[in-house]
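To keep things clear, I will list the structure first and then write my remarks on it.
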Amino acid sequence: MAIHKIQINDFISIDYELIAIHSSLEDYRLAYFINKALQIQLSKSNSNIEIETKEGKSEFSHFIFDDEVNDIIWNVFENKATAIPSEKTTNGIFDSVDVTMYVVPEFKKADYILKIENMETVIFPLERIIQKLSKISQISMVYRIDQNKLKSKNNLIF
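Numbering (our numbering), first residue to last: 8 to 165.
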């Protein structure tokens, strides 16, 4: 009888790419321009991304397109949102101190993140996607995020 050994590293492979987007656009307008530039069909997700920490709980808007033909999942989500405090404390005039939370706190200046899952099946390279996004006049900056350097990878599981 043969012995089959499963390596944990076989399941840790990263099969997505992340692109940071700097833009002052509302989420729905950004999704429209991304759809137009990349010829995809992002639509608002029924559920937001929820992250809870000791500071409180936040919800981040989320647009998704599941390209079943090419087996690619495109996600665009807000990177920052104001937290709803978990405990209400009374501190006089400082009752409501807003805490900003981030999906990817290592890139606090990025307004939105584009996550492309199953990147090996993408029909054009990541550089071309970045180039197409940078041509959108309402986007001020676009760049690739090296997910190997992220400490907040668990926030990207949704």
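Ideal placement from N, C-alpha and C gives every residue a C-beta, glycine not left out. All figures in this text were calculated on a predicted structure; none of them were measured in a lab.
Next on the checklist: Using the three-state DSSP reduction, which class does lysine 158 fall into: helix, strand or coil?
Outcome noted: As a position in the sequence shown, residue 158 is number 151, starting the count at 1. It is coil, neither helix nor strand.
Item to check | Identity of the residue in Lys116, Gln145, Leu121 and Val106 nearest phenylalanine 70 by Cα | outcome: As a first step, residue 70 must be located in the sequence shown, where it is residue number 63. If we check each option's Cα against that of phenylalanine 70, Leu121 comes out closest.
Item to check | Validate contact between the region 139-154 and the region 21-41 using beta carbons, cut 8 Å, 3 pairs | outcome: Proximity of the region 139-154 to the region 21-41 meets the contact definition, three or more beta-carbon pairs being nearer than 8 Å.
Next on the checklist: Comparing C-alpha positions only, which one of Phe84, Lys160, Glu59 and Glu75 sits nearest to tyrosine 167?
Outcome noted: Here the chain comprises residues numbered 8 to 165, so residue 167 is not present and cannot be evaluated.
Checklist entry - Going by the CB atoms, is the gap between valine 110 and isoleucine 56 shorter than 8 Å? => result Looking up residue 56 in the sequence shown gives position 49. Looking up residue 110 in the sequence shown gives position 103. Contact: yes.
Item to check | Reduced DSSP secondary structure (H/G/I, E/B, other) of phenylalanine 131 | outcome: Reading the sequence shown from its first residue, position 124 is the one you call residue 131. Looking at phenylalanine 131 - three-state DSSP - the assignment turns out to be coil, as it is neither helix nor strand.
Checklist entry - Excluding the five sequence neighbours on either side, which residues of its own chain have a C-beta within less than 7 Å of the C-beta of asparagine 125, listed in chain order? => result By one-based count along the sequence shown, residue 125 stands at place 118. So the qualifying residues of the chain are Asp22, Asp78, Ile79 and Ile80.
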